[in-house]
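769 is the number of the first residue of the sequence shown in our numbering; add one for each residue after it.
Ideal Cβ placement from N, Cα and C applies to all residues, glycine included.
All values derive from a computational prediction rather than experimental measurement.
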Amino acid sequence: MKIIRYILPLMCLSLCAQAQMLIVPKEKLESVANPRLSEYASSLKFKTMAITADKMSEDDGIETFVYPFENTGSDTLKIRRLVSTCSCASVSCENMTVPPEGASKIVVRYNPKGHPGRFERRFFVYVEDDSAPAAVLRLSVNVERGSDISGLYPVSMGSIRLRRSEVVLHKGTRAVERCVFVNVGDRPLRLQCENAMLPACLSFRTEPDVVVSGEEGEIVITYDPSEGGERKRIPVIIKGLGLPPSQSSITVTFKEE
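What follows is the structure, encoded as structure tokens:
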């Protein structure tokens, strides 16, 4: 009886977990990637439905891409709705009402700012009141990271920018913490810290030792609790940045386990 009392709750938990698990059929995934087109699809003849853009940068302005099409059907068609899969791209239609043998074009305006990487954006064209799109247009982009790195390295310290300026350590637990930075100056940097202000339990180094202009490096802070000297907050003062200690420090904070 004791065994049954243990097994039954486990079986209930297993059945509940299975009931909560959502399994998406392959057909459903395929319908999202390549949705069923409406009956009007055969009446819209596009010169191209897929464009591969030239490589661009986040610093570039908004790019415009055009998808011309004709109404090859016998009825006038009304473009009711246009949907973009990304806020970085707006989509519009030159003429929303297209008579038989008439022409129009879908215009996509793509803003690469804040969207580095390789992507495929899709645009859905809905005609009349049909719930299925009459066309799915595609735009492939390759966007390089721009010169504005303030979002990636928000902390500015003279000739370097860091991703963070605070390190949290658990008192009594040996650890190695890394702070990524980039050299935004015009010459190589060899960073050092004020060792006189550093307790015995902490050590400072950079990888690599010398970071050339425009390249990334890492400030490596090692904590060895066996050496002692912890305080609640310890400033690691970086030398050679031409800034006062209050503006060129990484703060190490110790928390009790």
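Task: Bounding residues of the beta strand (DSSP E) (the contiguous stretch that carries N910) - done: Note, N910: beta strand (DSSP E), A903 to E912.
Task: Runs of beta strand (DSSP E) wholly within the segment 900-988 (minimum 3 residues, chain order) - done: 903-912, 923-925, 928-930, 934-938, 943-951 and 970-975
Task: 7 Å CB neighbourhood of R942 in its chain, flanking five on each side removed - done: The answer, listed in chain order, is Y991, D992 and P993.
- [ ] Pull up the distance between the alpha-carbon of E945 and that of P1012, whole angstroms please.
- [x] 24 Å
Task: Burial state of R889 (16 or more Cβ within 10 Å) - done: buried
Open item on the list: Quick check: L957 and N951, are their CB atoms within less than 7 Å of each other?
Closed with: A contact, by the Cβ cut-off of 7 Å.
TODO: State the CB to CB distance for the pair F833 and I819, rounded to an integer number of angstroms; the pair is presumed to be in contact (CB under 8 Å).
DONE: 5 Å
Task: DSSP bridge partner residues for N839 (one or two, in chain order) - done: L812
Task: S811 versus E862, N863, V980 and L845, residue with shortest Cα-Cα distance - done: The candidate whose alpha carbon is nearest that of S811 is L845.
- [ ] Compute the Euclidean distance between the alpha carbons of D916 and D897, then round it to the nearest angstrom.
- [x] 44 Å
Open item on the list: I'd like to know if the segment 962-981 and the segment 993-1008 are in contact, where contact means that at least 3 CB-CB pairs between them fall below 8 Å.
Closed with: yes
TODO: Using a threshold of 7 Å, state whether the C-beta atoms of V948 and E986 are closer than that.
DONE: yes
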